[in-house]
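Visitor: Per our numbering, the sequence shown starts with residue 3, numbered consecutively.
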Amino acid sequence: MTAHGKLLTAVFSLTMVGGGLAAYKSQKIGVPFLEGEQVDEWLVEAKVSFLAIGKKVKARLSLPSDAVQQGAGQEAGSLGYHYDVENDRDEYTAVWSAQERDEGQALYYRVRFKQGLVSGGEPKAALEQPAKPDVPKLPGSLGAAAQGIVSQAKKVSSDPDSLFVALFKQINDTSSSQEFVLVKRHYEKQAVTNPEIAMGIDLLGLAGVPARLAYGVFLNEENAGQAPLPLLEYYDGAFWKVRNPLEPSKLLDGRELFVWHRGGGPLLDVTGGENSRVSFTVAKDRIPLATLTDLSDSPFLISTILALPVSERAVFRYIVLIPLGAFVVVIMRNIIGIPTLGTFMPVLLALALLEIKPVQGIIMFSILVGAGLWFRFLLSRMNLLVVPRVAACVVIVTLLMMLMGVMSFQLGFSVGIKITLFPMIIIAWTLERMSLIWEEEGKRSAFSQVFGSIIVAVCAYYFMRVSQIQYWAYYFPELLLVLLAVILLIGRYTGYRFSELIRFKTFSNA
Numbered sequence: 003m004t005a006h007g008k009l010l011t012a013v014f015s016l017t018m019v020g021g022g023l024a025a026y027k028s029q030k031i032g033v034p035f036l037e038g039e040q041v042d043e044w045l046v047e048a049k050v051s052f053l054a055i056g057k058k059v060k061a062r063l064s065l066p067s068d069a070v071q072q073g074a075g076q077e078a079g080s081l082g083y084h085y086d087v088e089n090d091r092d093e094y095t096a097v098w099s100a101q102e103r104d105e106g107q108a109l110y111y112r113v114r115f116k117q118g119l120v121s122g123g124e125p126k127a128a129l130e131q132p133a134k135p136d137v138p139k140l141p142g143s144l145g146a147a148a149q150g151i152v153s154q155a156k157k158v159s160s161d162p163d164s165l166f167v168a169l170f171k172q173i174n175d176t177s178s179s180q181e182f183v184l185v186k187r188h189y190e191k192q193a194v195t196n197p198e199i200a201m202g203i204d205l206l207g208l209a210g211v212p213a214r215l216a217y218g219v220f221l222n223e224e225n226a227g228q229a230p231l232p233l234l235e236y237y238d239g240a241f242w243k244v245r246n247p248l249e250p251s252k253l254l255d256g257r258e259l260f261v262w263h264r265g266g267g268p269l270l271d272v273t274g275g276e277n278s279r280v281s282f283t284v285a286k287d288r289i290p291l292a293t294l295t296d297l298s299d300s301p302f303l304i305s306t307i308l309a310l311p312v313s314e315r316a317v318f319r320y321i322v323l324i325p326l327g328a329f330v331v332v333i334m335r336n337i338i339g340i341p342t343l344g345t346f347m348p349v350l351l352a353l354a355l356l357e358i359k360p361v362q363g364i365i366m367f368s369i370l371v372g373a374g375l376w377f378r379f380l381l382s383r384m385n386l387l388v389v390p391r392v393a394a395c396v397v398i399v400t401l402l403m404m405l406m407g408v409m410s411f412q413l414g415f416s417v418g419i420k421i422t423l424f425p426m427i428i429i430a431w432t433l434e435r436m437s438l439i440w441e442e443e444g445k446r447s448a449f450s451q452v453f454g455s456i457i458v459a460v461c462a463y464y465f466m467r468v469s470q471i472q473y474w475a476y477y478f479p480e481l482l483l484v485l486l487a488v489i490l491l492i493g494r495y496t497g498y499r500f501s502e503l504i505r506f507k508t509f510s511n512a
């Protein structure tokens with residue numbers, strides 16, 4: 003078989019396999035093929051991780067009661083563990099148990115709910131009248147200061163809600179009264195996990211308002227592996243209410259925050275393990291729950307990344323976009339004819355622009371390349387070998403990134419800290435290659451390739467930002483096989499590029 007025949011066979015096979023898998027998922031399993039058919043629901047996954055010490059393991063994780071009662075929660079693939087849910091007066095706890103285990107362990111539980119409808123922190127009627135709060139025993143001047151704080155707060159508040167706001171505004175205020183500073187320092191010296199919240203709970207207790215710790219999760223896909231957010235739940239005489247102590251005046255918004263744990267008690271308890279922690283990963287699911295379950299239970303080639311836990315699946319949100327950026331580079335270089343500094347640099351620059359606004363990202367990139375190129379020319383005068391020279395460029399680029407990040411922070415520009423999103427190794431090679439082109443072909447050629455790389459990166463950025471393209475790449479990754487087939491076809495194209503048609507236009511007129 004000739005090379006042309008092999009190419010056509012590969013293209014046909016890739017198209018049939020990729021298109022066939024996508025058609026099967028859409029028609030048989032029911033995954034919506036178009037983004038407009040999707041359903042927007044939040045998926046919050048708790049990941050319990052700990053180091054087992056070779057003994058029997060038992061892990062207990064408090065669950066959001068409303069989600070469990072409505073059937074919106076489920077265990078998510080914790081292999082080798084016996085799993086059960088305990089119910090104690092409508093307070094639910096996930097319990098995992100196993101025989102002797104060692105090394106690192108990971109357990110998963112996920113909750114799914116419609117976007118913007120619930121926060122989990124809605125006022126909840128008490129099943130029984132709560133007991134009077136324990137009054138903290140603060141010695142001497144501390145007790146007098148705490149009583150004075152509560153008395154002053156009661157004068158400007160008419161109910162537990164306004165009392166909560168008054169107290170935590172003072173706790174969060176850096177210019178609080180001397181009494182607040184004295185009491186706050188006492189709690190900070192106690193080495194408690196959340197001294198401000200512990201102080202607020204005790205002050206509310208002095209005022210006769212029962213309060214206890216709660217935990218929430220920010221509904222933000224970008225914040226992967228986030229730690230639980232400490233909240234405070236207090237009783238107003240009829241209902242238990244949850245608020246964020248850092249924003250005491252603001253009611254909880256179901257579009258921004260989901261309350262995972264309330265009712266007091268520990269969020270996580272692990273026996274037979276150490277260094278236990280729970281982290282949350284948030285994703286916005288765009289296919290129905292029944293369809294997602296069928297998809298997760300389907301064969302390996304069908305389920306692909308959707309069979310993974312959400313915390314592991316989040317890594318692929320950007321990985322599946324890299325082939326799309328590479329496809330744009332192929333189009334821009336081989337069809338349009340825009341020169342670039344390699345293939346990977348524009349793609350990785352486009353990925354960085356997904357986290358930074360394009361204008362700000364391009365400015366930071368230009369400053370970094372300009373300063374790095376100047377240092378690279380200084381290195382060229384020392385007649386270094388290639389590997390030490392590139393290693394020196396890596397060190398210089400690292401120092402420049404640190405310097406720009408610190409300087410921008412000191413000047414009040416937080417965006418400069420995001421310069422770490424630029425891949426330093428690629429930038430170091432960019433400086434090396436750009437300097438060689440400068441020496442061999444001239445500065446015009448070097449700058450044209452850098453500008454071409456930036457143009458291609460911006461085009462790839464806008465292509466990867468298309469929501470429908472992101473949807474296909476994430477829920478139908480098998481379509482990347484079809485993309486591969488297209489790239490193979492373009493790889494055999496040897497005709498004129500668009501830029502060459504413009505360049506040789508005068509010859510056609512002649």
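Ideal Cβ positions, reconstructed from N, Cα and C, are used throughout, including at glycine. It should be emphasised that the depicted structure is a prediction, and the values quoted were computed from it without experimental measurement.
(1) According to the neighbour-count rule (16 or more other Cβ atoms, all chains shown, within 10 Å of its Cβ), is Y498 buried or exposed?
(2) Using three-state DSSP, classify K8 as helix, strand or coil.
(3) Taking the alpha carbon of Y320 as the reference point, which residue from A148, Y476, F35 has its own alpha carbon closest?
(4) Just how far apart, CA to CA, sit R383 and F449?
(5) Which stretch, first to last residue, makes up the beta strand (DSSP E) that contains K286?
(6) As an exercise, report each continuous alpha helix (DSSP H) stretch of at least 4 residues that is fully enclosed by the stretch 387-474, in chain order.
(7) Could you spell out the range, first to last residue, of the beta strand (DSSP E) harbouring L234?
(8) Counting only the same chain and skipping the five closest in sequence on each side, list residues whose C-beta sits under 6 Å from that of V569.
(9) Are there 16 or more other CB atoms within 10 angstroms of the CB of F115, so buried, or fewer, so exposed?
(10) Buried or exposed: where does N246 fall if 16 or more other Cβ atoms within 10 Å of its Cβ makes it buried?
(11) Excluding the 5 residues preceding and the 5 following Y85 in the sequence, name in chain order all residues of the same chain whose CB lies nearer than 6 Å to its CB.
(12) For M404 and V397, I'd like the C-alpha separation in whole angstroms.
(13) Helix, strand or coil, according to DSSP, for R103 in the structure here?
(14) What number of angstroms, rounded off, separates the C-alpha of M201 from the C-alpha of V87?
(15) Does DSSP put I173 in a helix, in a strand, or in coil?
(16) Please state if the CB of T342 and the CB of A328 are separated by a distance shorter than 8 Å.
(17) On the three-state DSSP scale, how would you describe E130?
(18) Nearest by alpha-carbon distance to F35: which of S501, S469, I369 is it?
(19) On the CB-based measure, 16 or more other CB atoms within 10 Å of its CB, does P250 come out buried or exposed?
(20) Kindly indicate which three-state DSSP category F115 falls into: helix, strand or coil?
(21) Would you mind working out which of Q180, I151, D161, V185 sits nearest V169, comparing C-alpha positions?
(22) Is G207 closer than 8 Å to P141 when the C-beta atoms are compared?
(23) Assess contact between the stretch 21-36 and the stretch 93-113, defined as three or more Cβ pairs (one per stretch) separated by less than 8 Å. Is contact present?
Guide: Once the coordinates are examined:
(1) Exposed, because fewer than 16 other Cβ atoms sit within 10 Å of the Cβ of Y498.
(2) For K8, the three-state secondary structure derived from DSSP is helix.
(3) Ranking A148, Y476, F35 by Cα distance to Y320 puts Y476 first.
(4) Roughly 21 Å between the two C-alpha positions.
(5) Unbroken beta strand (DSSP E) run through K286: 275-287.
(6) The qualifying runs are 388-412, 426-443, 445-467.
(7) In the DSSP assignment, L234 falls within the beta strand (DSSP E) that extends over 231-237.
(8) Nothing can be reported for residue 569, as the shown portion of the chain is limited to 3 through 512.
(9) Buried.
(10) Burial call: buried.
(11) Close CB contacts of Y85 within its chain, under the 6 Å cut and outside five residues either way in sequence, are with E77, W98 (chain order).
(12) If I take the Cα positions, the gap works out to 11 Å.
(13) Coil at R103, not helix or strand.
(14) Approximately 33 Å between the Cα atoms of the pair.
(15) Three-state DSSP puts I173 in a helix.
(16) No, they are not a contact pair.
(17) Looking at E130 - three-state DSSP - the assignment turns out to be coil, as it is neither helix nor strand.
(18) Of the candidates S501, S469, I369, S469 places its Cα closest to the Cα of F35.
(19) When all chains shown are included, P250 counts as buried.
(20) It is a strand residue.
(21) Sequence inspection shows Leu at residue 169; the Val mentioned does not correspond to that position. Comparing Cα positions, the closest option is I151.
(22) For the pair P141 and G207, the CB atoms are not nearer than the 8 Å cut-off.
(23) Contact between the stretch 21-36 and the stretch 93-113 is absent, because fewer than three Cβ pairs lie under 8 Å.
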